[in-house]
Every structure is written in structure tokens, then in C-alpha cells.
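With the UniProt record's numbering, letter number 28 in the sequence shown gets 28, and the count goes up by one each step, no holes.
Virtual Cβ for every residue (Gly too), placed ideally from N, Cα, C.
It should be emphasised that the depicted structure is a prediction, and the values quoted were computed from it without experimental measurement.
One structure is given below, encoded as C-alpha cells.
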Amino acid sequence: MPQENHPVLHQRNNWHLVKDKQSHHSCHRYTAAHKWNTIVLPSLLHPYLALRVATNSGRNAVQTPTEIVPCTCGTRVWLEVTCVHFKYMDSIVLYSCQCTPAPQQLVERGLFPCTPFLPKLAINLDMLEFTAGLFVNSSPNKTAWAATLTEFLDTRGYVFATEVGVHILST
Ligand SMILES: [Zn+2]
């Protein structure tokens, strides 16, 4: 093979790698969106409406459930979730299983999970509602919002342990 063909072949191989990587990423995003739309979001509707009633449409503080629901499915796992509130961050421990999935427990606590299954990060629902209203009334700038939230919490001594948390907030 002539030497001048190598760059073309090399370029073509890289293009395939990039295309495969994009396909994998697109497939992952499609799968996640499908899980959100068909499984998780429908399962969160009732807990969300119950929360709205219990808090008088957000006027009253959320009463954190204290009882642990007995598990009959045998799939219970321990899960630590970082929770982002308006003025602080904290961390809670959940026991998630098919009987009481973590997303459902988080909504009961006024939080929304950042991933459909076994979330490690959750955002306060009031903050999401406020942010949704802000985005409706201003030009969208997720990066500015994520950077502002990170700085806001940082000045209060709360720091994201990894860049993943910030990445999730800005996507
Ligand atoms: Zn169970």
C-alpha cells in the first residue's frame, strides 16, 4: 500500500470509531428516555400528587417518611443519594427495591432523581419548579445555572464530590 494512503485509511478508521461512540451514546440516551417515559415517570405520578396534597401545593414543609416499608421482593439494596436543596446539600440513605423504588421514595421526600434507576443525585422539586419557571421566562442557559448553583453551594461549604454531579446538572 502506498504511503500516502495511510492517512486516508487512518482517518476513515477514526471516523468509524467516532460514529460508533456517538451511536453508543445515542443508544444510551434513547434507552434512558424510554425508561423515564414508560416506567419511571408514570410510577411517580401518584407519589407526586400525594406530595402536593400533603404539602398544600408546596406551601407546607415536606414531612419525611420515617417508617421503612417491609420488602417482599428480596431485591433491596442500600443506596446513598446526594440531595441538592435551595440552600444546602445533604446525603440520605435509602433502601431501594422493586417494592419501593428509590425514585418513588425521593419524590415522597420532595426530591426528583437524576437517573431512572438507583440514582445517586436528587434535586429538590421546588428548586426544579422554580428553575423551570426561570427557563420559561428567560433565554435558556443550563451551564450558567449549573455553575451558579455550584458556586452558591460552595460558598456554604457544600462541594460536589465528582464532576459527574455537575455534568448531570448541566445536561
Ligand atoms: Zn422489595
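Asked, Found
"Neighbourhood of F112 by C-beta, 7 Å cutoff - its chain only, sequence neighbours within 5 removed", "L106, A122, I123, L125 and L128"
"Residue range of the unbroken alpha helix (DSSP H) whose run includes S43", "L41 to A54"
"Delimiting residues of the alpha helix (DSSP H) encompassing A146", "K142 to D154"
"Any non-hydrogen atom of ligand 1 closer than 7 Å to Q98 Cβ", "yes"
"At least three beta-carbon pairs within less than 8 Å, the segment 95-109 to the segment 53-70", "yes"
"Buried versus exposed, by CB contacts within 10 Å (16 or more), P116", "buried"
"T131, enclosing beta strand (DSSP E) - first and last residue", "Careful: T131 lies outside any beta strand (DSSP E), inside the alpha helix (DSSP H) at L125 to N137."
"Which of helix, strand or coil DSSP assigns to P113", "strand"
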